[in-house]
Amino acid sequence: MSVELYDTLSRSIQPLAPSSSDTLRFYCCGPTVYGPAHIGNFRTFLIQDTLRRVLEVDGMAVKHVRNITDLDDKTIRRSLEEGKSLIEFTAHWTEKFHADCEALNMLAPSIEPSAVAHIPQQIALVEKLIEKDHAYATDDGSVYFRVGSFEDYGRLSRLKQRELKTQTENSAGEVNDADEYDRESVSDFALWKSRKDGDGDNYWTSPWGEGRPGWHLECSAMVDSAFDGETIDLHGGGIDLCFPHHENEIAQSECAHGHDFCKHWFHSAHLMVEGAKMSKSLGNLYTLDDLREKGFSPMVVRYTLIAGSYRQQLNFTFDGLHASQSALTRFERFAETLLAKTGEASDRFNATYVTAGAPEDFGRLAKAWDALRTNLNTAACLGAIFGVIGSNPAASLEADGARAMLRTFGSLLYALGLKLFTIEAKHVDAPEEIIALAQARWDAKQSKDWVKADEFRDELLAKGWTVNDSKDGFAIEPTE
RNA sequence: GGCGCGGUCGCCAAGUGGUAAGGCCGAGGACUGCAAAUCCUCUAUCGUCGGUUCGAUUCCGACCCGCGCCUCCA
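Taking our numbering as reference, the numbering of the first sequence is continuous, increasing by one, and the terminal residue is 986.
Encoded structure:
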């Protein structure tokens with residue numbers, strides 16, 4: 507059985523396989539680096555990363571390309587506001603993005619092209635489209651794609667050209683005014699934007715004058731560049747990009763090359779936060795750092811973001827985050843139980859067992875592995891793993907059996923991108939006074955003076971500290 | 001209006017034409033001086049109404065409700 511995935515274009519689940527060569531060509535629309543990425547962005551990137559890992563464990567070679575959008579209205583505006591060059595500004599946020607990706611245990615893409623580094627390719631693509639009469643320059647030096655010249659336009663999102671042309675206002679109720687931009691049709695979109703005052707130094711010379719590329723064009727050019735203009739096998743992105751971004755990518759690339767742009771489209775649903783649409787004004791737009799400050803480890807965030815069906819909206823809540831934390835702890839307990847049988851230490855678990863090398867037989871965890879290969883059903887996979895954990899399989903295993911199960915469990919964790927034993931403990935240093943109180947309580951406890959010991963505990967509690975005992979000592983932490 | 005997704009236990013969430021995985025929370029138990037942590041056990045007939053069928057949560061139809069996209073938001 508190969509890996510199967512829902513395809514937006516055919517509206518059906520299709521097996522994934524490289525069309526030519528033996529490597530799957532996989533392109534993802536990456537982040538716009540004008541600030542820290544939020545968890546909604548990461549949900550999409552994490553799902554893509556998880557799919558890539560599943561393919562890898564399944565034995566398929568994948569060329570994974572994810573671009574950096576460093577040239578658009580937002581990056582230009584923000585960099586100017588901060589008085590930085592575009593390069594300097596976007597380099598900073600690209601670096602931050604990389605750090606977050608690493609924390610979330612995401613594999614680095616095979617190639618990570620940037621829009622600014624592909625200006626000549628973008629200009630060449632526009633020239634080709636003008637040559638073939640699919641694009642036209644306007645008096646102000648902009649170039650537009652002539653949507654009416656591409657019969658298949660709207661195929662991906664199932665929007666009919668006729669309806670697009672007659673649509674006179676957008677969802678915000680703003681009028682789509684064709685005249686303002688000198689476009690032939692309101693549905694025509696910009697390939698090249700002529701230089702505006704607000705662009706600062708961010709303009710390039712082109713056959714149509716100074717200006718900069720349009721956003722949609724960037725992806726088409728980077729796909730060409732990374733994959734030699736060949737048809738790609740799989741293209742991913744958030745569902746919001748389906749129209750118009752991906753529709754426009756298809757139009758540009760197919761009109762320029764005369765062959766299919768992409769075979770299989772992979773769209774992930776959006777994230778809601780506490781039941782509401784994520785937005786800055788609601789104050790529910792979280793970054794990874796926000797959650798870390800609240801004490802949630804990146805692995806807990808990853809678990810939360812991939813635990814639900816990727817095609818369904820995920821409602822991100824702090825309840826959910828806590829649930830993930832508990833679930834991950836149970837994974838760790840399970841691993842520890844098995845490790846106890848093999849006599850290995852838990853700190854070697856990730857390096858030894860969490861690898862892309864798949865066992866021939868997933869044994870009792872076969873159901874969990876099959877779930878991942880069937881349209882990336884992470885929820886069913888996790889459920890199946892817990893089903894096995896609940897049956898306490900370690901009880902009847904000797905060292906060899908435990909090792910085999912650790913290997914299959916580890917492969918699943920690799921595919922899910924989850925590392926165990928990495929949860930960052932909240933470590934808060936207690937003041938002297940608190941430590942003294944806790945020590946006094948411990949001493950009272952040692953002399954079996956329970957009344958006194960409890961008094962000390964109440965006192966600590968009143969001061970906001972909780973004390974927990976273990977076999978040979980105590981730990982204190984701020985009460986939640 | 002167009003395109004699309006969804007309504008399953010308090011919360012989250014799989015799934016199948018033959019009588020519902022799993023996680024969290026909660027309850028009970030074990031352990032512990034008491035707690036905490038951990039372990040064990042327990043909790044649903046699947047939005048409404050029709051239809052198809054021996055049998056539907058799963059297929060079809062209608063309806064109700066929630067949500068996303070519809071020109072540059074992952």
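Beta carbons: idealized from backbone N, C-alpha and C, even for Gly. Just so we're clear, the structure is a prediction, and the values are computed from it rather than from any experiment.
- Would you report the Cα separation of A757 and F656, rounded to the nearest angstrom? 7 Å
- Message: Assuming A946 is part of the alpha helix (DSSP H), what are its boundary residues?
- Response: E938 to Q952
- Task: Look up L967 in the DSSP assignment and say whether it is helix, strand or coil.
- Result: helix
- Item | Element boundaries [alpha helix (DSSP H), containing F855] | F855 to Y859
- Message: Please state the DSSP three-state secondary structure of D978.
- Response: coil
- Item | Host alpha helix (DSSP H) of K866 (start-end) | Going by the sequence as given, residue 866 is Glu instead of Lys. Segment: none, E866 is in no alpha helix (DSSP H) and carries neither H nor E.
- Task: Have a look at L788, A901 and N611 and flag the residue whose alpha-carbon is nearest the alpha-carbon of T848.
- Result: A901
- Query: Any chance the region 587-606 sits against the region 901-917, with 3 or more Cβ pairs inside 8 Å?
  - Reply: no
- Message: On the CB-based measure, 16 or more other CB atoms within 10 Å of its CB, does W971 come out buried or exposed?
- Response: buried
- N- and C-terminal bounds of the alpha helix (DSSP H) containing C761: E753 to H763
- What three-state label does DSSP hand Y920 in the structure shown? helix
- Taking L791 as the reference, which of L610, C761, A775 and F822 has the closest Cα? F822
- Message: Quick check on the burial criterion: 16 or more other C-beta atoms within 10 angstroms. Buried or exposed for Q818?
- Response: exposed
- Is D739 helix, strand or coil when you go by DSSP? strand
- Through-space distance from I982 to P619, alpha-carbon basis: 48 Å
- Query: How big is the Cα-Cα spacing for I593 and L665?
  - Reply: 37 Å
- Query: So, L871 versus H752, is the Cβ gap smaller than 8 Å?
  - Reply: no
- Message: If you reduce the DSSP assignment to three classes, tell me which class M460 lands in.
- Response: Any answer about residue 460 is impossible in this case: the structure gives the chain only from 507 up to 986.
- Query: Mapping DSSP to helix, strand and coil, what is Q627?
  - Reply: helix
- Task: Kindly list the residues whose CB is nearer than 6 Å to the CB of R549, restricted to its own chain and excluding five residues on each side of it in sequence; keep chain order.
- Result: L777 and L811
- Can you find at least 3 beta carbon pairs, one from the region 563-576 and one from the region 520-534, that sit closer than 8 Å? yes
- Looking only at C-alpha atoms, which of T861, A942 and A696 sits nearest to Y650? A696
- Distance, Cα to Cα, D645 vs K702? 14 Å
- Take S726 as the anchor and find which of T843, I738 and A775 has the nearest alpha-carbon. I738
- Buried or exposed: P804, going by 16 or more other Cβ atoms within 10 Å of its Cβ? buried
- Task: Tell me whether T835 is buried or exposed, calling it buried when 16 or more other Cβ atoms sit within 10 Å of its Cβ.
- Result: exposed
- Message: Mapping the DSSP letters down to three states, classify I745 as helix, strand or coil.
- Response: helix
- According to DSSP, residues forming a beta bridge with M778: K783 and N821
- Task: Kindly indicate which residue of L788, L586 and K783 has the alpha-carbon position closest to the one of L820.
- Result: K783
- Task: In the DSSP assignment, find the beta strand (DSSP E) that holds R879 and state where it starts and stops.
- Result: Element bounds for R879: not the beta strand (DSSP E) but the alpha helix (DSSP H), A872 to R879.
- Bounding residues of the alpha helix (DSSP H) (the contiguous stretch that carries E716): It is not in any alpha helix (DSSP H) - E716 instead sits in the beta strand (DSSP E) that spans G715 to P719.
- Query: Looking only at DSSP bridge pairs, what is T711 linked to?
  - Reply: E716
- Message: On the criterion of 16 or more Cβ atoms from any shown chain inside 10 Å, does R468 qualify as buried, or is it exposed?
- Response: Outside the displayed span of the chain (507 to 986) sits residue 468, for which this structure offers no information.
- Check each candidate in W721, F980, Y540 and E866 and name the one with the smallest Cα separation from R584. Y540
- Could you tell me which of L888, D658 and H773 sits nearest to F767, measuring between CA atoms? D658
- Give the secondary structure of N676 by DSSP, where H, G and I count as helix, E and B as strand, and everything else as coil. Here the model assigns N676 a pLDDT of 45, short of 50, so the residue's position is not dependable and the matter cannot be decided.
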